[in-house]
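Sequential numbering of the sequence shown, starting at 1, is according to UniProt numbering. Cβ atoms here follow ideal geometry from the backbone N, Cα and C, with glycine treated the same way. Data block below; observations after.
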Amino acid sequence: MTHILLDLLAFASILSSILVITSKNPVIAVIYLISVFINAAGYLLILGVGFIGITYVLLYVGAITILFLFVIMSINIKLTDIMEAGSQYTQNIPLAFSIGILFIYEIVSILPKSLLSIDAGEITLLYWPVELLKTLNSNASSLLNESTQVNLGSFLDISNTDKLSAGDLGSALSGSQVGENLYSSNLGDIVYSTINPNSIDANISPFLQLESLGQELYTHGASWLIICSVILLLSLVAPTFITRNYKNT
Numbered sequence: 001m002t003h004i005l006l007d008l009l010a011f012a013s014i015l016s017s018i019l020v021i022t023s024k025n026p027v028i029a030v031i032y033l034i035s036v037f038i039n040a041a042g043y044l045l046i047l048g049v050g051f052i053g054i055t056y057v058l059l060y061v062g063a064i065t066i067l068f069l070f071v072i073m074s075i076n077i078k079l080t081d082i083m084e085a086g087s088q089y090t091q092n093i094p095l096a097f098s099i100g101i102l103f104i105y106e107i108v109s110i111l112p113k114s115l116l117s118i119d120a121g122e123i124t125l126l127y128w129p130v131e132l133l134k135t136l137n138s139n140a141s142s143l144l145n146e147s148t149q150v151n152l153g154s155f156l157d158i159s160n161t162d163k164l165s166a167g168d169l170g171s172a173l174s175g176s177q178v179g180e181n182l183y184s185s186n187l188g189d190i191v192y193s194t195i196n197p198n199s200i201d202a203n204i205s206p207f208l209q210l211e212s213l214g215q216e217l218y219t220h221g222a223s224w225l226i227i228c229s230v231i232l233l234l235s236l237v238a239p240t241f242i243t244r245n246y247k248n249t
């Protein structure tokens with residue numbers, strides 16, 4: 001039932017995207033754009049990525065798309081002008097296919113090899129995100145359900161590192177259920193963890209989804225966050241100076 005619902009949401013998102021770029025009325029196109037974001041948010045919520053799904057609804061639908069609709073209705077674009085430019089849409093079809101092929105190649109290149117090696121008869125392209133999250137959730141659940149506190153300090157030197165390889169963790173946890181899960185997991189070569197330096201035993205601290213996003217964003221991406229804030233500040237200040245009328249004095 002979940003797979004069927006995911007397929008319906010994915011199909012609705014693709015159909016709404018096509019209607020956005022083919023609609024002749026800009027107001028109707030924005031309404032279809034709202035449908036795209038709602039379907040994408042529902043898809044993410046079912047996959048378990050609740051924070052990003054809710055952000056889609058609050059940020060894109062509640063703010064940006066409504067702003068688009070307000071601007072379009074304020075400009076009052078004539079339908080005759082759109083009809084005259086409609087014949088030029090077909091000139092961009094080769095560019096659209098090139099961008100689409102490049103996008104598909106980038107998506108396939110970052111997928112884990114375990115998913116790429118699955119037979120075509122067992123899994124389709126739409127199920128790849130489902131299988132990927134299912135693999136991550138199953139391995140994460142097996143780690144969190146382990147009630148025994150394992151001393152990693154006697155096996156690993158983790159004083160100056162924030163990431164450990166799966167092989168190192170598996171060696172340190174050999175003989176326990178956690179170690180077997182790590183050896184048989186498809187999480188990749190690197191297992192990211194949070195270490196408590198104040199404790200003799202190094203504990204892997206479980207994070208909520210929002211906490212993990214904040215941890216990665218403000219710890220490893222702080223510089224990029226500052227750069228983005230400066231760019232946004234420039235986008236606010238620059239139009240003010242561009243549209244300012246300077247009088248000759």
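Shown here, Ser74 sits in a helix according to DSSP, grouped into three states. With fewer than 16 other Cβ atoms from the protein chains shown falling within 10 Å of its own Cβ, Phe70 counts as exposed. Going by C-alpha positions, Ile31 is about 14 Å away from Ile14. Collapsing the DSSP output to three states places Thr243 in coil.
In this chain, the alpha helix (DSSP H) harbouring Val36 covers 26-47. Closest option to Ile72, judged by alpha-carbon separation, among Val27, Gly221, Val49: Val27. Boundaries of the alpha helix (DSSP H) around Thr219: 209-220. Around the beta carbon of Ser109, fewer than 16 other beta carbons sit within 10 angstroms, so the residue counts as exposed. In the three-state reduction of the DSSP assignment, Ser109 falls in the helix class, which pools H, G and I. By the Cβ test, the stretch 45-65 is not in contact with the stretch 18-27, since fewer than three Cβ pairs between them sit closer than 8 Å.
In chain order, Ser13, Ser16, Ser17, Val20 place their CB closer than 7 Å to the CB of Val36, counting only its own chain and leaving out the 5 sequence neighbours on each side.
Ranking Ile34, Ala41, Ser74 by CA distance to the CA of Val61 puts Ile34 first. For Ile18, the enclosing alpha helix (DSSP H) covers residues 2-22. Gly42 is classed as buried because its beta carbon has at least 16 other beta carbons within 10 Å across all chains shown.
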